[in-house]
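Student:
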Amino acid sequence: MVVHSVTKYISGHGDATGGVAVGSHVIIEKIRTLGMKQFGGCLSPHEAAMLIRGLKTLPLRVEACSLSAQKIAESIATHPAVSQVFYPGLESHKGHEVARRQMQLFGGILAIELRGGQPAARTFLDSLVLVTQAVSVGDTDSLACHPATTTHSAVAPDVRLQCGVSDGLVRLSIGIEDSKDLLEDIHWALDCAQDNI
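Quick note on the numbering used here: the sequence shown kicks off at 45 and runs consecutively.
This is the structure in structure tokens:
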């Protein structure tokens, strides 16, 4: 079974809330008869219309953000403030060969490990102008977050570290803005973060 937040790429505009579960008839029938009877499962007409709108541009948006994310990952991989870039489109990524066989493009989400830990991450995030600080992904706008203090803040620090979520980790969800503008913004923020190393 696959559970997907349609709020992300399918909506693509960060303005519709919903989810979808996809699986075999046996699994989905249990969800339909138990879950939906208990909790309901109907989108409002407005949410449904926004999701249909998003589906119409999904291929264009995914291509744009994937191409930009590849450029950004390649460009920042050698920046002095960055110790590692996590992006399957880079040959240095441990899953690159599998991703290359399975994918045409490598998606719009990447993560960077900053050498200066949380102070560098904070400076980086606060120095971004075009990229918005937000915990979501798959929006038309580029978003950045610090997982250790947002999405994973309730996880014990030692468990976070075991899972690769360090204090210097920043997640980027690349949107459809011009890649040159994004590169300029991200490089500026990295230059500012470098002062914390």
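Backbone N, C-alpha and C fix where the C-beta goes; we use that ideal spot for every residue, glycine too.
Roughly how many angstroms lie between the CA atoms of ALA60 and ALA93, to the nearest whole one?
Tutor: Looking at the two C-alpha atoms, the distance is approximately 9 Å.
Student: With a threshold of 6 Å on Cβ separation, who are the neighbours of GLY151 within its own chain once the five nearest residues in sequence on each side are excluded?
Tutor: Same-chain partners within the cutoff: SER110.
Student: In the DSSP assignment, the beta strand (DSSP E) including CYS189 goes from what residue to what residue?
Tutor: Here the beta strand (DSSP E) through CYS189 covers 187-189.
Student: Is THR77 buried or exposed, if buried means 16 or more other CB atoms sit within 10 Å of its CB?
Tutor: The residue is exposed, with fewer than 16 neighbouring Cβ atoms inside 10 Å.
Student: Residues in the same chain with beta-carbon distance under 8 Å from LEU95, minus the five sequence neighbours each way, listed in chain order, please.
Tutor: If we look at LEU95 and ignore the five residues flanking it on each side, its Cβ neighbours are VAL50, ILE54, SER55, ALA60, GLY62 and LEU87.
Student: Give a single yes or no on whether HIS123 has its beta carbon closer than 7 Å to a heavy atom of the ligand PLP.
Tutor: The ligand PLP is not part of the structure shown, which contains no ligands of any sort.
Student: DSSP has SER217 in a bridge; who is on the other side?
Tutor: According to DSSP, SER217 bridges with ILE153 and LEU187.
Student: Measuring CB to CB, does ASP183 end up less than 8 Å from GLY219?
Tutor: Yes.
Student: Alpha carbon to alpha carbon, how far is LYS138 from SER112?
Tutor: When rounded, the distance between both Cα atoms is 21 Å.
Student: Can you give, in chain order, each stretch of the alpha helix (DSSP H) that sits fully within the stretch 85-137 and has at least 4 residues?
Tutor: The stretch 85-137 contains these whole alpha helix (DSSP H) runs: 89-120.
Student: Just how far apart, CA to CA, sit LEU89 and LEU99?
Tutor: The identity of residue 89 in the sequence shown is Pro, whereas the question assumes Leu. Answer to the nearest angstrom: the Cα atoms are 15 Å apart.
Student: Within the chosen definition, does the stretch 187-196 reach the stretch 70-85 through at least 3 CB pairs nearer than 8 Å?
Tutor: No, they do not touch.
Student: Quick one: what's VAL47 bridged to in DSSP?
Tutor: VAL47 pairs with ALA65.
Student: If you reduce the DSSP assignment to three classes, tell me which class THR193 lands in.
Tutor: Reduced to three states, the DSSP call for THR193 is helix.
Student: How about ALA233 and GLY160: are their beta carbons less than 8 Å apart?
Tutor: It is not a contact, given that the beta carbons lie outside the stated cut-off.
Student: Which partner residues of THR176 appear in the DSSP bridge assignment?
Tutor: Its beta-bridge partners are LEU187.
Student: Quick one, are the C-beta atoms of GLY212 and ALA155 less than 8 Å apart?
Tutor: No, they are not a contact pair.
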